[in-house]
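For the sequence shown, the working numbering assigns the number 310 to the initial residue and increments by one for each residue that follows.
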Amino acid sequence: MESVKAPKKLIEVALPLDAINVAAAREKSIRHGHPSTLHLWWARRPLAAARAVIFSQMVNDPSWKWELEHPGEIPPGNLKASWAASRKRLFSLIEDLVQWENTTNETVLEKARSEIRKSWRETCEINKDHPQASELFDPDKLPAFHYPFAGGGALPLEAQRLGLESYASDLNPVAVLINKAMIEIPPK
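See below:
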């Protein structure tokens, strides 16, 4: 069985944690329009953190191609500077993405979706010779987001917001109902 070639993701390298933490802390005081007003869930994940984590898991790090072609080698300084500039641009997008005011800002969300689609197309391209490429690597269809223990629903909600087809479940029927209300009903 041929293995899948997986580019290094942004989350494996770095994240703008200060901006994410500030946005997540601020989110606790927001009441109007926040899912926490729908139902009290004891382990609710901050939407800002969920959005940032999903985005950074889906987006390739700028160094991915070089590192895939030169495993274990030390990159030249000019490449490192170029990667740093690209990461700075992606971090700026994450900093915009985590702001509560941008939760429904289509301009910011579309920039994020565009980066995700670009990274997915790159992943599909490097795996085009995989025996199951036609099944696994469709450049026109993003991979689905599956979460078997979704609880309060922050991760599936944010995956859906970022353009992924989202599937959520839980053992707790209250969690299932919360997820249904947040993920299935709004798109209809």
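Glycine is no exception: its CB is placed at the ideal position from the N, C-alpha and C atoms. All figures in this text were calculated on a predicted structure; none of them were measured in a lab.
* **Chain-order list of residues whose beta-carbon lies under 6 Å from that of alanine 484 (same chain, five-residue window excluded)** => In its chain, beyond the 5 residues on either side, Gly460 have a beta carbon closer than 6 Å to the beta carbon of alanine 484.
* Contact belief for proline 316 with tryptophan 373 at Cβ below 8 Å, rounded distance in angstroms -> 4 Å
* **Burial state of phenylalanine 458 (16 or more Cβ within 10 Å)** => By the 16-neighbour rule on beta-carbons within 10 angstroms, phenylalanine 458 is exposed.
* **For arginine 360, the nearest candidate out of Pro371, Asn330, Glu376 (CA to CA)** => Asn330
* **Rounded C-alpha distance that separates serine 443 from cysteine 433** => In a straight line, the C-alpha of serine 443 is about 10 Å away from that of cysteine 433.
* How long is the line joining the alpha carbons of lysine 427 and alanine 490, rounded to whole angstroms? -> Spanning the alpha carbons of lysine 427 and alanine 490 requires a straight line of approximately 31 Å.
* With which residues is lysine 318 paired in a DSSP beta bridge? -> Asn369
* Can you tell me the Cα-Cα spacing of glutamate 493 and proline 452, whole angstroms? -> 18 Å
* Nearest-angstrom Cβ-Cβ length linking proline 325 and isoleucine 403, presumed shorter than 8 Å -> 6 Å
* Asked: Helix, strand or coil: which one does DSSP assign to alanine 477?
  -> strand
* Start-to-end residues for the alpha helix (DSSP H) that takes in phenylalanine 446 -> Looking at the DSSP string, phenylalanine 446 is not in any alpha helix (DSSP H), and its letter there is neither H nor E.
* State the CB to CB distance for the pair asparagine 488 and glycine 472, rounded to an integer number of angstroms; the pair is presumed to be in contact (CB under 8 Å). => Actually they do not touch by this definition, with Cβ atoms about 18 Å apart.
* Can you give the Cα-Cα distance for alanine 333 and alanine 421, rounded to whole angstroms? -> 18 Å
* Asked: Counting along the chain, where does the alpha helix (DSSP H) carrying phenylalanine 400 start and finish?
  -> 386-406
* **Beta-ladder partner(s) of phenylalanine 454, from DSSP** => Beta-bridge pairing links phenylalanine 454 to Ser475.
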